[in-house]
Structure formats: C-alpha cells, structure tokens
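Remarks on the structure that follows.
There are 2 protein chains.
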Amino acid sequence: MPTSVKIFDTTLRDGTQGEGISLSVEDKIKIARKLDELGVHYIEGGWPGSNSKDIEFFDRVRDMKFTNAKITAFGSTRRKNSNAEDDINLNRLVESGAQVATIFGKSWDFHVHTAIQTSLEENLSMIYDSVRYLKSKGLEVIYDAEHFFDGYKNNAEYALQTIQKAQDAGADWIVLCDTNGGSLPSEISAIVTAVKQHVTTAVGIHAHNDCELGVANSLAAVQAGAGQVQGTINGYGERCGNANLSSIIPNLQLKLKYDVISDEQLRSLTQVSRYISEIANTHMPVNQPYVGNAAFAHKGGIHVSAILKDASTYEHIIPELVGNKQRVLVSELAGQSNVLVKAQELNLDFNNEHQKTKEIIEKIKDLEHQGYQFEGADASLELLLREAFEGLEEIFTLESFKMLVEKTANHAVVSEAIVKVKVHGETIYTAAEGNGPVNALDNALRKALVQYYPDIQQIHLSDYKVRVLDEKDATAGKVRVLMETTDFNNSWNTLGVSSNIIEASWYALVDSLRYALLGRTRVEPANKEQQERLGLVNH
Amino acid sequence: MPTSVKIFDTTLRDGTQGEGISLSVEDKIKIARKLDELGVHYIEGGWPGSNSKDIEFFDRVRDMKFTNAKITAFGSTRRKNSNAEDDINLNRLVESGAQVATIFGKSWDFHVHTAIQTSLEENLSMIYDSVRYLKSKGLEVIYDAEHFFDGYKNNAEYALQTIQKAQDAGADWIVLCDTNGGSLPSEISAIVTAVKQHVTTAVGIHAHNDCELGVANSLAAVQAGAGQVQGTINGYGERCGNANLSSIIPNLQLKLKYDVISDEQLRSLTQVSRYISEIANTHMPVNQPYVGNAAFAHKGGIHVSAILKDASTYEHIIPELVGNKQRVLVSELAGQSNVLVKAQELNLDFNNEHQKTKEIIEKIKDLEHQGYQFEGADASLELLLREAFEGLEEIFTLESFKMLVEKTANHAVVSEAIVKVKVHGETIYTAAEGNGPVNALDNALRKALVQYYPDIQQIHLSDYKVRVLDEKDATAGKVRVLMETTDFNNSWNTLGVSSNIIEASWYALVDSLRYALLGRTRVEPANKEQQERLGLVNH
Chain F
1 MPTSVKIFDT TLRDGTQGEG ISLSVEDKIK IARKLDELGV HYIEGGWPGS NSKDIEFFDR
61 VRDMKFTNAK ITAFGSTRRK NSNAEDDINL NRLVESGAQV ATIFGKSWDF HVHTAIQTSL
121 EENLSMIYDS VRYLKSKGLE VIYDAEHFFD GYKNNAEYAL QTIQKAQDAG ADWIVLCDTN
181 GGSLPSEISA IVTAVKQHVT TAVGIHAHND CELGVANSLA AVQAGAGQVQ GTINGYGERC
241 GNANLSSIIP NLQLKLKYDV ISDEQLRSLT QVSRYISEIA NTHMPVNQPY VGNAAFAHKG
301 GIHVSAILKD ASTYEHIIPE LVGNKQRVLV SELAGQSNVL VKAQELNLDF NNEHQKTKEI
361 IEKIKDLEHQ GYQFEGADAS LELLLREAFE GLEEIFTLES FKMLVEKTAN HAVVSEAIVK
421 VKVHGETIYT AAEGNGPVNA LDNALRKALV QYYPDIQQIH LSDYKVRVLD EKDATAGKVR
481 VLMETTDFNN SWNTLGVSSN IIEASWYALV DSLRYALLGR TRVEPANKEQ QERLGLVNH
Chain W
1001 MPTSVKIFDT TLRDGTQGEG ISLSVEDKIK IARKLDELGV HYIEGGWPGS NSKDIEFFDR
1061 VRDMKFTNAK ITAFGSTRRK NSNAEDDINL NRLVESGAQV ATIFGKSWDF HVHTAIQTSL
1121 EENLSMIYDS VRYLKSKGLE VIYDAEHFFD GYKNNAEYAL QTIQKAQDAG ADWIVLCDTN
1181 GGSLPSEISA IVTAVKQHVT TAVGIHAHND CELGVANSLA AVQAGAGQVQ GTINGYGERC
1241 GNANLSSIIP NLQLKLKYDV ISDEQLRSLT QVSRYISEIA NTHMPVNQPY VGNAAFAHKG
1301 GIHVSAILKD ASTYEHIIPE LVGNKQRVLV SELAGQSNVL VKAQELNLDF NNEHQKTKEI
1361 IEKIKDLEHQ GYQFEGADAS LELLLREAFE GLEEIFTLES FKMLVEKTAN HAVVSEAIVK
1421 VKVHGETIYT AAEGNGPVNA LDNALRKALV QYYPDIQQIH LSDYKVRVLD EKDATAGKVR
1481 VLMETTDFNN SWNTLGVSSN IIEASWYALV DSLRYALLGR TRVEPANKEQ QERLGLVNH
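Protein sequence lines, in the order shown, are assigned to chains F and W.
Mapping the first sequence onto this note's numbering, position 482 (from 1) lands on 482, and the numbers just tick up by one.
Mapping the second sequence onto this note's numbering, position 206 (from 1) lands on 1206, and the numbers just tick up by one.
Quick look at the structure:
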C-alpha cells in the first residue's frame, strides 16, 4: 500500500467545464503558479487538441520553471480505424511540450457501442496504440479510464481488459474514473481492490461529486490502494463538480496520515483556494470545508463558551494547519495571517503589542466586515499597511466627480466623466470620455496626474471584476470591484466596495494609481506646449 | 438490518446555526409545511428552553395537522447536581406540546471534564434521569449522544456506558453524533457496527460536513445498521453545515434502495430544496448535487454529443426522479449540438436544413465571437431562439436612457436614471434613483412596465457579475455582464456584452424583463389613483 499520494490537479481543464467558469490564458497561468506553490504534483493545463486557447497556454508555460508540479496535456485515444502516428489530437499532445500526457479512453462497453460506435476489439487497439505512441515519444503517460466504475459494474471482464491494454502499452498510471459521479464509497472500495489484484501499474482515482461523495470516493480509493488523486481546487467542474482537492488534501494528510504536500504548503491551502476562487470569479461558499470563511466559525452560545475553555471541544483540527482561522461571533479575524505575512514582506515592524498594529488590525477587520476581501488585492493591502506604518504622501484627493452615460436607440453609447481633484495642493478639473464609465473616470483622473507623472501613461487596466455581496443585511446590495492594473513589468490588484458600482470602481481605481505612484518621482508640470502635446489643454 | 430509514430534519434548529441563516417564526412554519409534504419523519422545530421565538413556534404548530412528520423539540439533559423534575429546560420540552423530545447529552469524557465540568458518574445520572423523566411524561424520546465518535475513540467503554444509560431509561432512539464533523466513513462504519452489538435500541446518525464527508458518513452509518438519519435541507448548519438531506435522501432511496419517502415525494425534492433556499435567503450553489441548477447541466461538446445519443452516458440518474432536469450549456467548448438540445427542449423545429436554423446558428456564433457566452444565460438564449422561430411580441423598445452618478468628497454617491421607452406603442418617460446605476436603470424601466404588468414588482435581481473580456484584440475592453433574476419559484440568467458596463447591464436587464414577461398577460394601465399608489406619477 502506498504511504504517499500524488495530487493531480485538473482545475484548468475539467474545472473549466463547470458552469460559470471561464479562464483566460493569463488566468490559467496565474492559477498554475499558485498550484505549483501549493505543491500539487501534476497540473493538467488543457486540451491542446480542442482549442487554440489551450495551445497558447502550453506555448506560454513551455519555458516557465515549476518547482513541484509537472505540466500535463489532456487528450483522447486515437480515432477509430486510424493510426496513432497520424492522429492530430495525439500529435498535439506531443507538440504541446508538456512532460506528461493524460489521455482518456473507454472502459464501459455501453459507451463503446453508443458514444464512439465501434467494436470492443477496436477500442482495445485504440487504447494500446495511443499509449504506446505517446510512450515512444518519451512522455510520461497517464491513462484515464473513463467511466471505469460504470463499465466494471456492467462488464467487469471487459473493463479490466481495457486497463490491461494500457498497462501492456507502458502507461505510467492507470486512473479509474467515476465520470458520472454515481458510485458509492463501498463500490469504489471494492472495485479498486479488485483492480489492484489485476494490474501492477500504479492506480489513481478521478471522482465527481454528483452524489456529494466526490471526497469520500477519493478517500475510499486511496484506502484501497490508489496512489494518485485527480480533482480540482474548490471542486470546480461539470455538473456537481470534480472531487474537491481543497478537502481531499487535508483529509489525506491530517486524518489518514499520508504524505501528500509539506506542512508549510498545507498551511497555504486556504489562501490558494480563495485566490483561485477570486481569479475564477466564483462565489466561494462560506461553509466550504477546511478553507471557507465559516469553516471554523462558532455561533451557538454553548459552543462558544466551550471553545473558550478548549478549542478542540468543537473543532476537528487546528484551523491554522490549513491556513484558516477560528472565528467567534461577528469578530472577523480572517485575513490576519495574510496581513502578518504581507507586513513581514514589507519589512514593517508588525508587533502585536504596538498600538499601530492594533489599530490597523481593527481597521482591516472593519473593512472586511464591510465586504472588503484582501485575498485578491495585494496592492490595496500594501497601501493600507504602508499608510499605517510609514505614512504615505497624499498625492491627490478627490473633490468631486460626475459620471454620465447616455444612450439613444441605434446610436453608440457615450460615457463622460468630470473629475475635480487636488494634486500636490493644486485643484485640477478634467473631463474625459471613455469606452465605458470606469474608463472615462480613469482617463479623467490620469489627465490630472500625467503632467506630474508622465510615465503613468504606460500603465493600463488589465482586468476588472465585479461581485455582488449577497450575504446579509449588512452588505445587502453591495458590490466588490477587483481591478488589475499592468505596466510593462508588473501587475497589481486593488479593490473597492460600495453599494454603487461606480463608487466601488472609483476606490479601486484610486488605489491602483496610488500604488502606481509609490516611489515615482514627481516632475515639474509641463509647459503649455507640452500640455497641448499631451492633450491636457482642457484641465 | 433495517430496510427503511427515518429522516429527522433539523433545518429549523441546527440549520439556523449556519452563518447567514436567520428564520422568523413565519418562515419556520412555511418550511415545516414543506418538509411535511416532502415526507420527512421528524421535524425538529427548535429549542424551547433557549429562546422565546422557538416557544412561539411550538405554540403555533400545536394545533396544526401534519401528514407525515412528527414535531420534535430539542433540549439538553438536566443540569448537573439537580432533579430532572425541576429542570426548566426539560419542562419546556414537556410544555412545548411536541410529541417527541430530542435531548442531547455528553458521551466524550473530555467534554464531561472540560465543558460541563462534572464527574463521569454524575453525567451518566444526568442522561438516565432526563430520559426517564421525559418518558414518564408520555413522550417519544430521541437521545442524541453528542460527540459520540470522538468520545468512543478516546474512551470506548465510557461512551458505550452513556448510551447504555439512555437505553436503560427507555429512550426510543439513540442517535450517534459526529458533532465536530471530523470522523471518516471508515471510522463511522466500524463504530456504528460496534454500537449495534452493544445496544438493542434503534440507532441513528447525526453527521456534520467539516471534512466534506457528511453525506458519506451518514450512508456509512446506515450501511452499518443505523435506521435514522439526522440532517438539514441543503446542508445548512454551523461551520461547514450538517449532513445534507437533499443528497442523502436520493442516495439512500435510489442508490441503496432503502425505503425512505415515496417516489412522488422524491420528485418534489428539487422544488422543496429551492423553496427552502428562498425562504432562508441563501444563495444556492448551482452545482449542488441532485437539486442544483447545474446538477444535470452539460457543457463539453463530446459529452453533449453523447447525451444526445443516450442521456445515461453522462447522467448517473434520470434527473426527473428528483424533480430536476437536464440542461445543455452553450459555450466555447461545445459545438452547435448544444443549441440543438436547447431548441428541442423548447419544442422548436430545429432542422439543420432550414434557413432559420442556419441563420440563428450564424447569429449565435457571431454573438459568441463578440464575447457573449450563453452557457450561463439560458434565458437570453431562449429569447434568441424563440424570436427566430416563433417571433416574439415587442413589448417595449428603448428610445433613450441617461444615467448620472455624482459624488463629492465626504458625501454619499447619488445615482439617477432617466429612461424613455415605448411600451405597447406608447412613449413613457420615467426617472428613478437607485443604490447604484444598474439599480437606478432597473427602477426606471420597471416603473414604465409595472402599470401593464403589476406582478413584475415581485421579481428582483439576485446576482450580478461582470467580467472583462481580455482575450483578443477583437474584444479588448469589452465587458460581459451576467445577471440572475429571481421570483418566488424560479430564477433565470441573462447577459449583455458591450465596451460599456452600463450598456452591457442594460442589455442584460432588458432580457431579464423580456423573459419575465413571456406569457404574462398585459393589464389595462392603472388609473391616476392607482398610479399614485404605485408611485408612477412622474412618467
């Protein structure tokens, strides 16, 4: 029986099959980096045979360094009645430059007849030829036996033949998939045990959550001898999602004592799960096990008085082991560890005894209570901390803004902003158009600043996300805006919260520019001629 | 081994310990009626010893008729070093008028020492006395052994003594609680098996979801001989929630073939779960197993082409068994077969040879190229298809809108919208404020429509997401707005794409209202008096 378990993350491939999940290439690269930090062993980046976005992803990661993870590309076995060597899909896997190829094939006789409509014999050849071809190209090959459990229940002999073929062709892993998510832990346990008696190749499990048993089925497979678990962060995936790695990893490591990732990596689990939720622009359930904001939150009076005596009375693990926090009543302590980490990163003297530290923690708690969430907005957090500990020069302050959007039938919409700000003590009035209201505000504000800081022309808004905060009366109707800004070398994230999307955007925009100006040198305002050249005549 | 399983619902008691869940007495009564229709066997209404709201609940249900469920009141064993007869908490249970009393006591020696701080012997007496007193009052008594599994792991002998005492005192059920949610199915299975060898009283399971194993643990207990499952609809509850009955009931009935509720009642499961989610004012995850909106939703092109051949290729049960339905999502990852399925769902004559079909497919491709993504916006897709195939009555058309947002330093931001639309041929001018620009537009547009369609006042915007489309030059700077709108029974999703967030929101809003008006009957415009009552005097 294995004592360690390898984690195969398919957030970037199967995860994007989930409703409402759509990731740009840039999003995928950010997530891959985070997954690598978390310490997963395989990152499935996409299906290069299915779309050009995934091809671009593999092109871009080809020369990137990953510390822990191998990148794997996904595809299917060759088409029926053809050669593996000529198969476009298989060749895309080779061309992707990924070290590892993961291919799926059919194990359920019903699917062979119904879905791909070929003979059982030809299906076996498709598996054998495909694995062998990829092995001949020097790749590590993971064979995903799609619908293995349904296939085994229907025709065990044939299901076993399919994985035997993958083994004969030299597959490095045989992963048993409960593709429809309909199996129970007792079935998974019995079938994995039977498989382990038939094949010598290392076995993995790929479970789905259709019966709310994705995590349990993954654990049952490991307990029966599987050495690899495939899943997604936060359980993203088609229908009810894939097995949730954010729960599986701590269950394996803390409860079943398998060697999975390092203790330090495990302590980043909450932060990684929340970061990926922000990037994917999903609503993370507060009650998500281990990593949710309420996972260790106590409301009941009896529970609270008991945990004050001893936390283990109502907590199954120490929350810090997964980077989460206990929360009692309305006190919002979440994020404090992030604050600490950030403060250390900035070399601030962040000591719990200092008045400044107490004040900034109070302030952050209050902002979090209002709906701010600094997980995805490092730059806004840095500004807050620098302001509290070092003081920040107040470069500009708002006097007022007006924003007008006008549309008539069959005409393009028009957005205009008027901004009145004090920059270095001087009141400046600017107006600008934009392709949207936030862009108009951005343009108007920049106009006021660019004469002092000409190089802010180079930065641009690269992402913008809005989330309605629907939790409770306190935040009803509020929106959180998350903004990403980029210059040639860096990008940074800021946020704003308000019941008004324009105001929330304004706050995020102001932080974005304040951050951009950190450490930049002010120049003397341009003379009239230069102003004209810069289009600043109307301030 | 039992062949039937009794369902004990604690949505109204343990469920309300969940963060963000707060139910009025009226809410609780509505939910109790729904639970009775669903066919649960016990409804735990609250803790009359802990608050007056729960006392009121029991007063109000006392004379109500329930067809399937018995109402039960919750409380604890008597206080240490006192008499059961004089215990206020126990007497509240008797006075509540509930047929069944559910009391919890300590099984974990650590808790006896730490939380209630008494002797192990006194704790046994507390259990015995309390159960016996309630039995003497003619009540059915369910004894909840709190922290039973943690207690058993720490001191099996003492844990067994505690439930032996409950049995000796005449308890009708002994329910083993995994209060902290930290146990694994393999542990639950072994411990329930051991308990069944020690007691003859019927045994139940009460699991929590802290390891994302609440459902699996409940099933493991039943498979080891438990005849009662306690849980909550949608898994509401403290921290990560209680075991989710919305998944447990179909798993027990459809997968493990236990007799739980009738087939007809099971077909109401989706509707009951969504109804309770509405009453509790929670955001129901789309990917919730069995009952979620995406539980049987298909996105991948390969999956979609297979389910067209046979739905069981990628569905573990027939969705209608739990009152849910198959949905096909249209997305970049899918081919046109997804549109075909949607058209079939709407009974449209969608034949590839028809000119209409070719046109609408071209149109959808074109919209997708612009950044539309219909997978999350069923209602917008339905409107497109209905318009192309059936024609849709043009109820209202935009003449113009103006939207103004104004902010001065230290003052609240103000949003105003002016809308000029033609409704049934009549030009209507309305203006409204809002807590944000989209809300202001929504209010202004609704004002124009509500006199013809008064019941659109009941619908409300329930979610709103914005995404910048940063993929390609063609869509640079564009934003996609996804909007969810809800009335009491349904919710629908619409979208809009534009380089201007306000315009994109407008498109999504217009689709949302067009969809809401499908099949609604126009009423004659209200007279002046009615208009004043409705606040429509300014059109």
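Backbone N, C-alpha and C fix where the C-beta goes; we use that ideal spot for every residue, glycine too.
From a predicted model like this one, the values you see are computed outputs, not experimental measurements.
Rounded to the nearest angstrom, what separates residue i and residue j at their Cα positions?
| i | j | result |
| --- | --- | --- |
| Y236 of chain F | K356 of chain F | 40 Å |
| G18 of chain F | G105 of chain F | 21 Å |
| G1225 of chain W | V1260 of chain W | 15 Å |
| G477 of chain F | M1001 of chain W | 51 Å |
| E382 of chain F | V510 of chain F | 14 Å |
| R1520 of chain W | Q1271 of chain W | 22 Å |
| H1147 of chain W | S247 of chain F | 22 Å |
| I279 of chain F | K1365 of chain W | 26 Å |
| E1449 of chain W | R1327 of chain W | Before going on, a small fix: residue 1449 of chain W reads as Leu here, not Glu. Approximately 31 Å, taken between the alpha carbons. |
| V1230 of chain W | C177 of chain F | Inspection of the sequence shows that residue 1230 of chain W is occupied by Gln rather than by Val. One C-alpha to the other measures close to 31 Å. |
| T16 of chain F | E238 of chain F | 8 Å |
| E524 of chain F | K422 of chain F | 16 Å |
| H1303 of chain W | W47 of chain F | 15 Å |
What does the Cβ neighbour count give for residue i, buried or exposed, with the cut at 16 atoms within 10 Å?
| i | result |
| --- | --- |
| A412 of chain F | exposed |
| T1282 of chain W | buried |
| E1426 of chain W | exposed |
| T1200 of chain W | exposed |
| A84 of chain F | buried |
| H369 of chain F | exposed |
| S1218 of chain W | buried |
| M64 of chain F | exposed |
| D1473 of chain W | Any answer about D1473 of chain W is weak, because its pLDDT of 36 lies below 50 and its placement is not dependable; what the coordinates show is given next. That one is exposed. |
| H1354 of chain W | exposed |
| K1358 of chain W | exposed |
| G602 of chain F | Limits of chain F in this structure are 1 at one end and 539 at the other, which puts residue 602 of chain F out of reach. |
| G1138 of chain W | exposed |
State the CB to CB distance for the pair residue i and residue j, rounded to an integer number of angstroms; the pair is presumed to be in contact (CB under 8 Å).
| i | j | result |
| --- | --- | --- |
| T1552 of chain W | I1276 of chain W | Missing from the structure shown is residue 1552 of chain W; chain W here goes from 1001 to 1539 and no further. |
| H424 of chain F | R522 of chain F | 7 Å |
| S76 of chain F | N89 of chain F | 6 Å |
| I188 of chain F | T162 of chain F | In fact, because the Cβ distance is near 18 Å, the residues do not count as touching under 8 Å. |
| A1145 of chain W | V1175 of chain W | 7 Å |
| V379 of chain F | W492 of chain F | Sequence inspection shows Ala at residue 379 of chain F; the Val mentioned does not correspond to that position. 4 Å between Cβ atoms; contact. |
| E1212 of chain W | P289 of chain F | 4 Å |
| Q1164 of chain W | H1198 of chain W | 7 Å |
Along the beta strand (DSSP E) that carries residue i, what are the first and last residues, could you check?
| i | result |
| --- | --- |
| F1144 of chain W | A small correction: the amino acid at residue 1144 of chain W is Asp; Phe does not occupy that position in the sequence shown. E1140 to E1146 is the span of the beta strand (DSSP E), which, as asked, contains D1144 of chain W. |
| Y275 of chain F | It is not in any beta strand (DSSP E) - Y275 of chain F instead sits in the alpha helix (DSSP H) that spans L269 to I279. |
| G1075 of chain W | K1070 to S1076 |
Ends of the alpha helix (DSSP H) at residue i?
| i | result |
| --- | --- |
| R1033 of chain W | V1025 to L1038 |
| Q1373 of chain W | Q1373 of chain W -> no alpha helix (DSSP H), and no H or E assigned at all. |
| D1168 of chain W | A1156 to D1168 |
| M1 of chain F | Note, M1 of chain F: premise wrong, no alpha helix (DSSP H); not H, not E. |
| S246 of chain F | L245 to P250 |
Let me know the secondary structure DSSP gives residue i once reduced to three states.
| i | result |
| --- | --- |
| T282 of chain F | coil |
| W1492 of chain W | strand |
| N1293 of chain W | coil |
| S499 of chain F | coil |
| R1327 of chain W | strand |
| E44 of chain F | strand |
| E187 of chain F | helix |
| D54 of chain F | helix |
| Q1230 of chain W | strand |
Under a CB-based cut-off of 7 Å, is residue i close to chain A?
| i | result |
| --- | --- |
| M1284 of chain W | As a matter of chain content, chain A is missing from the structure shown, whose protein chains are F and W. |
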